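Residue numbers (the numbering used here), protein chains in the order written: chain A, 14 to 785; chain B, 628 to 1156.
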């Protein structure tokens, strides 16, 4: 019994928590529910810590099978429920369960008094279980289960306030319907991404004959450690065990032949051999196939990690409660795409060398460009938002772009490093934003009780003040000091200011882009570098704008003027996250690179470049200039003009509107996809009824009636009667009676069929029952 | 061939008839006794079918629990029933769905109660008969016999347009079966037997050879009957009407079991009897299937009525089943059979949900609902699980079937990759129409005051839904025993279509000789003959 055998618990504990709350939650107080849910989250985190310590102790990790799942022995399909403990999965577990626990605790305060408090924590525990399943799965299909389940939780939690009947202050749409639409949008857009992912999985199975990732990479790569590794490797790949008969990866005809080792080692062997893959009756070169697979996976990544062109669901997802935005839509779920590419680093690096796409691009180049363009675009959009959470949402999209760009450039360590630090400071920012929103709501109640009248508020409709609109804030620095300080720390970390966590991780990404350009002479590297530096500048600028708009200047509404700090259950997690956001850079401190060394064990293509002082200074200088600009525009004067516009709104004119409406992506999708889809659906439904249903009726039913009418009328009367007339009266009467039988009513026919069948059955049964 | 004693298969098949006889002797006024006797019969039948599972040897690909009786020797017609891996699960599905359908009828059905439950028992025997029969003539009798009770279920206990829907159902499906009857007669006359295993043996040994062009015609004969029943696009137009007008239990039986008679027919007859025609026509059938997947989903999305939406979604789901079957490999066929069961559970469940809504509000229009989750929290949660199962959420049953089907079609020797790609688009669309429905009916605020005080689920409704949900999770999380039940039979079935071993790298033989194909098939299907 090793410590690694505990890994199933990390998923089962949150499941137990949610079942317990679903079962007895209704009899418990908020406190009881909270203890169960937070306790489950905390225990999961402890399991992750135990696993991490086990790995830190020098062990290679382990694959822990649980039970069979989809197994068709006759054709060798064997996809089990199995979990994988290696440094990459444990990194994700620590981040997910750690940040997740803090957010659970915070949510106890945030959701206090909600009518569906218990339901909320059931969903939160379900999310934790799903996300941990995603990162621990040892094959593509288990990963995919987690991948879709986190999408389901996202759906449930975005739509959590689905019964709200108050209109949304900004749009005027009824709250519950807005939440429902946002939830559906998230699920469906993610399904579009999953479409690519599932096709990739199908191709992987037919190429490699398995969906298992393969033995723990460190074991396979560190040839000197074979004795140590053999025990662990054995379970995953009996064929490759020492002494066993090795299967050649290629048949004499040049066809790839699965050796049963797992996908990643086989991918390397197949690429080295340059064999062809049999797919149905076709043969495809392995290189082409891996290019297709990696691109299809990218489709999944753009959905889950909110990259162009599928990022449109994430801003709307902010309709959910703020702890959800922090946990799912900032810190953990949306980073699953980055994890996926990192997990598949062997495939992406294999695809890097295949030159079949136009412009000499390879799939990882495309990944990097998608990330960089997304980072830049989302950065520009965030500048022109009013909603405190939407600014953070676009910032999340932008930062995810950084990570995706990093892993596309081959900077897996940098990408994962940024994933972890981002989890700290973005969770911090969202929770602090939630604290601000809560404070403003309290202020609004307070002001309302004292009968003060709002002179002017934004997004004020039918008695509802929008507590998320930054125009309704201002001057909160004094009213909410803890929230203010942690917010500033989060903003500095996000803006990449020395020495906060974001500085170190963002710098590594820029460095990877720089090296890709300078050392490999890859123009993609330069392009990505320019886009990312631009995005970083925008980041510093919009965070400056946000901090000044929320916390400085004079309160712009009574609500802001009466806002109050939140209870400790909400502020303590903030302080912990603020500490992590400050010190998180130490994880991969230059010179030692402990995180890089840690990841090398499970990510064969991991590498860490040496710190480049010049690049760091340039990045810092650009961020400094951007902050200074924000100071000049939003701090030196009141953040809003006298008529309530952004300082930049008038100078930028239509460009500001263009940015505010996220480059018109939603409008484009509405016109190019949704409207035609709805129209065609309606048309098909109409045609279905008009032609297939009614047309068929005329043919089949009408034809039947005509035949019946002919038999009963013309034929019966016209021919039979005449014949019968000729034969005689008696027979004519008989014929007349026979005519009554042909009533044209199908139920009579049905009855006769039934009687006939019953008779046959009786014949059938009698001999059986009465001897043979 | 020697007569055998009565096997468990025969007993299970005719247990509902035994119950029917008991019901006949109950006074029509004693409605509660009639209900409980029917429910008891259905439950006993289910338990007996579990006995079949216990006696069933999954490692044996051939027929088991056989009853053979030389019934009408003059015409070479036998009473021959048995189960193998292809039919075992479907027998279980039938016996599992029936008690739920009976229980779901307790409250809604108030008129002509005795006749109603007699019809339910009749249809159970008829459907079981279809799944277990190994004689073509007997098969035809059971096949046609299923029409009659369903005709009355729709025509008497249906909603407004019931007579129209019932007649259409009856005529349309009957028209399809006539061609099948001709094909059966051809086989029976030329093969000197209606016994399926004997026919397969004769085909394998060359004692029966199809003349030029006849194999395709015979394939089409069976195809006509099965395609209408499935229904395969564009033969689906009877289905929305039948579903819409049928009473809840009728819809549940229709979706849960009756449609599978068609898909099962393809597996049982078309694939083993006509390998060459199956190969030649696989792309055609698969194309219809994929069109059905997309078309059904799209039209479903455009509906305003919940029940119609669910009805059209069946066209989409059964398209997946057909795609899997005509991938002509073990993954596809196993996925197809698994998905038959899954569709029975999830779509049967959806119709039950619609029925529960209808009982409360007497409307099926989505616009009349909204916010139901808030009013009926337990119902909302159970509904969500069934909806998610229907749209193939991983971890639930639908995904296991769809994934295995797509795995089969992706690697099929006879289908291009495009089939899989377009079918996978159907997975996106499933989310679109199901969430559209779920959003409209269950989510959002309660907009109609009538909906504010709907009664929650009673014990009967819970008792109907909970078994479904258990199965949804069981198959989703641990389908191994279910796949295990059919693994060897399906492998034997597809051997003619795949190279030895069915391995990924094995060279596909595009056109195996029919004789060799039949030989291999008969090895699997009829080891005892």
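Where a beta carbon is used, it is the ideal one built from N, C-alpha and C, also for glycine. Keep in mind the model is a prediction, meaning the values are calculated, not measured.
Helix, strand or coil at residue i [DSSP, three-state]
i: residue 931 (chain B); result: coil
i: residue 709 (chain B); result: strand
i: residue 295 (chain A); result: strand
i: residue 696 (chain B); result: strand
i: residue 534 (chain A); result: coil
i: residue 96 (chain A); result: strand
i: residue 1021 (chain B); result: strand
i: residue 150 (chain A); result: strand
i: residue 697 (chain A); result: helix
i: residue 85 (chain A); result: strand
Cβ-based burial, residue i [other Cβ within 10 Å; buried from 16]
i: residue 371 (chain A); result: exposed
i: residue 442 (chain A); result: buried
i: residue 548 (chain A); result: buried
i: residue 581 (chain A); result: exposed
i: residue 362 (chain A); result: buried
i: residue 833 (chain B); result: exposed
i: residue 1031 (chain B); result: buried
Pair within 9 Å by beta-carbon distance, residue i and residue j
i: residue 574 (chain A); j: residue 490 (chain A); result: no
i: residue 406 (chain A); j: residue 278 (chain A); result: no
i: residue 901 (chain B); j: residue 845 (chain B); result: yes
i: residue 730 (chain B); j: residue 894 (chain B); result: no
i: residue 705 (chain A); j: residue 863 (chain B); result: yes
i: residue 697 (chain A); j: residue 871 (chain B); result: no
i: residue 1003 (chain B); j: residue 885 (chain B); result: no
i: residue 563 (chain A); j: residue 649 (chain A); result: no
i: residue 811 (chain B); j: residue 756 (chain B); result: no
Chain B contact residues for residue i, given Cβ-Cβ distances below 8 Å
i: residue 193 (chain A); result: 1066, 1070, 1071
i: residue 211 (chain A); result: 1030, 1033, 1051, 1054
i: residue 165 (chain A); result: 1015, 1020
Contact list for residue i against chain B, beta-carbon separation under 7 Å
i: residue 178 (chain A); result: 1072
Cα-Cα separation, residue i to residue j
i: residue 771 (chain A); j: residue 1080 (chain B); result: 48 Å
i: residue 15 (chain A); j: residue 377 (chain A); result: 37 Å
i: residue 543 (chain A); j: residue 560 (chain A); result: 26 Å
i: residue 566 (chain A); j: residue 330 (chain A); result: 30 Å
i: residue 1063 (chain B); j: residue 1057 (chain B); result: 10 Å
i: residue 598 (chain A); j: residue 1017 (chain B); result: 46 Å
i: residue 167 (chain A); j: residue 201 (chain A); result: 11 Å
i: residue 671 (chain A); j: residue 588 (chain A); result: 37 Å
i: residue 1066 (chain B); j: residue 930 (chain B); result: 14 Å
i: residue 829 (chain A); j: residue 1101 (chain B); result: Nothing can be reported for residue 829 (chain A): it is not among the residues displayed for chain A, which extend from 14 to 785.
i: residue 738 (chain B); j: residue 678 (chain A); result: 57 Å
i: residue 169 (chain A); j: residue 196 (chain A); result: 7 Å
i: residue 1023 (chain B); j: residue 1099 (chain B); result: 6 Å
i: residue 26 (chain A); j: residue 400 (chain A); result: 36 Å
i: residue 1112 (chain B); j: residue 712 (chain B); result: 6 Å
i: residue 302 (chain A); j: residue 293 (chain A); result: 14 Å
i: residue 410 (chain A); j: residue 690 (chain A); result: 27 Å
Contacts that residue i makes with chain A (C-beta to C-beta distance below 7 Å)
i: residue 1114 (chain B); result: 85, 86, 87
Partner residues on chain A for residue i, Cβ-Cβ distance less than 9 Å
i: residue 760 (chain B); result: Those do not exist, as residue 760 (chain B) stays about 11 Å from chain A at its closest Cβ, beyond 9 Å.
Beta-carbon neighbours of residue i, restricted to chain A and to distances below 8 Å
i: residue 994 (chain B); result: Under the 8 Å cutoff, chain A gives no residues; its nearest Cβ is about 13 Å from residue 994 (chain B).
i: residue 771 (chain B); result: 766, 770
Per-residue contacts from residue i into chain B (C-beta, under 9 Å)
i: residue 82 (chain A); result: 1027, 1104, 1105, 1106, 1107
i: residue 187 (chain A); result: 1071, 1072, 1074
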